[in-house]
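Report on the following structure.
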Amino acid sequence: MIREVATLSIKAGMRNDFESAFRHASSILEAARGYITHELHKCVEAADRYMVIVQWHSLKEHAVGFRHTVQYEQWNALLEAFYESPPQVEHYVQIPVHLK
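Mapping the sequence shown onto numbering that gives the first Met the number 0, position 83 (from 1) lands on 82, and the numbers just tick up by one.
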């Protein structure tokens, strides 16, 4: 399992519209092959910055599978007008930290 972490800078004054569009776009993401779950977080220090965390079964299912589909184009069409700049996207794997 991997986590996609995307940092989004949203155009000033568009937060509410972005959040509404994101809720609508979520159904597209949820239907993607390899999708597990996702979350949207708003930054406390910078009100126009958000973080999206998506869990995928594999990097391939996100980077190759979802990103090369009509669904990804639909996702982008719903959200890209809100971006101040292109999202910064990285992928992470969990490191076990509990000793028990």
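Idealized CB from N, CA, C, for every residue including glycine.
Rounded to whole angstroms, the separation of the alpha carbons of E60 and R32 is 7 Å. The C-alpha of E38 is placed about 5 Å away from the C-alpha of I52.
Where I27 is concerned, the enclosing alpha helix (DSSP H) starts and stops at R14 to E29. By the neighbour-count definition (other C-beta atoms within 10 Å, threshold 16), L78 is a buried residue.
In the structure shown, Q93 falls within a coil segment according to DSSP collapsed to helix, strand and coil. If you check the CB distance, Q73 and A24 come in under 9 Å.
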